[in-house]
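This report refers to the structure that appears directly beneath it.
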């Protein structure tokens with residue numbers, strides 16, 4: 019079974035401060051087989067308009083799933099923006115290949131064991147009182163975060179947790195333990211810690227104070 023969805027919308031980039039039309043395409047096959055989303059439109063980088071063509075396929079590998087982020091930018095002359103496809107040396111090749119990985123998952127949410135590393139979307143801890151709808155990819159691709167989300171259920175007990183970004187020394191993290199052994203309904207304890215509330219804000223001079231509250235950014 020296949021489901022193809024076309025959605026046209028406008029969104030505003032916090033970096034470009036202008037409206038940009040983007041057409042999103044979604045191709046979804048049966049769960050566990052294959053799905054892909056795509057987008058094309060125009061963006062502005064370094065004061066220049068580029069045409070964007072993006073594909074985000076998820077490749078099933080048994081219980082694993084590998085999602086790739088394949089983006090191409092072309093100018094009005096058809097020239098490719100090469101920063102995203104730099105194979106000039108070993109270090110450039112490594113960075114280019116790593117940047118193409120959007121996330122790696124094992125299983126699906128709700129399975130006895132589920133894990134995901136990379137971009138996180140729609141994270142909810144328990145019933146969503148402390149964390150609901152969290153995403154570490156709001157600024158993607160300008161800011162690429164490598165987070166982790168996991169769920170483990172065994173018998174009457176379940177464990178859930180997430181880390182927003184390993185690259186930035188683990189700023190936001192949460193964990194929940196839940197059981198149905200005490201009462202006839204689930205009882206759980208959740209804890210969320212934000213080690214640096216300023217971590218997600220831009221800090222141009224790197225002094226630990228974001229531009230928003232820095233007198234001399």
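Residue numbers (our numbering): 19 to 235. Virtual Cβ for every residue (Gly too), placed ideally from N, Cα, C. These numbers come from a predicted model, not from an experiment.
- Excluding five sequence positions before and after residue 207, the CB atoms of its chain that fall closer than 6 Å to its own CB belong to 195, given in chain order.
- For residue 87, there is no enclosing beta strand (DSSP E), as DSSP gives it neither H nor E.
- DSSP places residue 109 in the uninterrupted alpha helix (DSSP H) bounded by 108-117.
- If you draw a straight line from the Cα of residue 59 to the Cα of residue 167, it comes to about 31 Å.
- Under the DSSP assignment, residue 165 falls in the beta strand (DSSP E) whose first and last residues are 165-172.
- Three or more beta-carbon pairs drawn from the segment 113-132 and the segment 163-183 are found closer than 8 Å, and the two stretches are therefore classed as touching.
- Annotation: residue 178 to residue 191 spans about 11 Å, alpha carbon to alpha carbon.
- Pairing residue 73 with residue 56 gives a Cβ-Cβ distance under 7 Å.
- Cβ neighbours of residue 197 within its own chain (closer than 8 Å, five residues either side excluded): 174, 175, 176, 204, 205 and 206.
- Remark: C-beta atoms of residue 164 and residue 185 approach each other more closely than 7 Å.
- Residue pairing by DSSP places residue 68 opposite 61 in a beta bridge.
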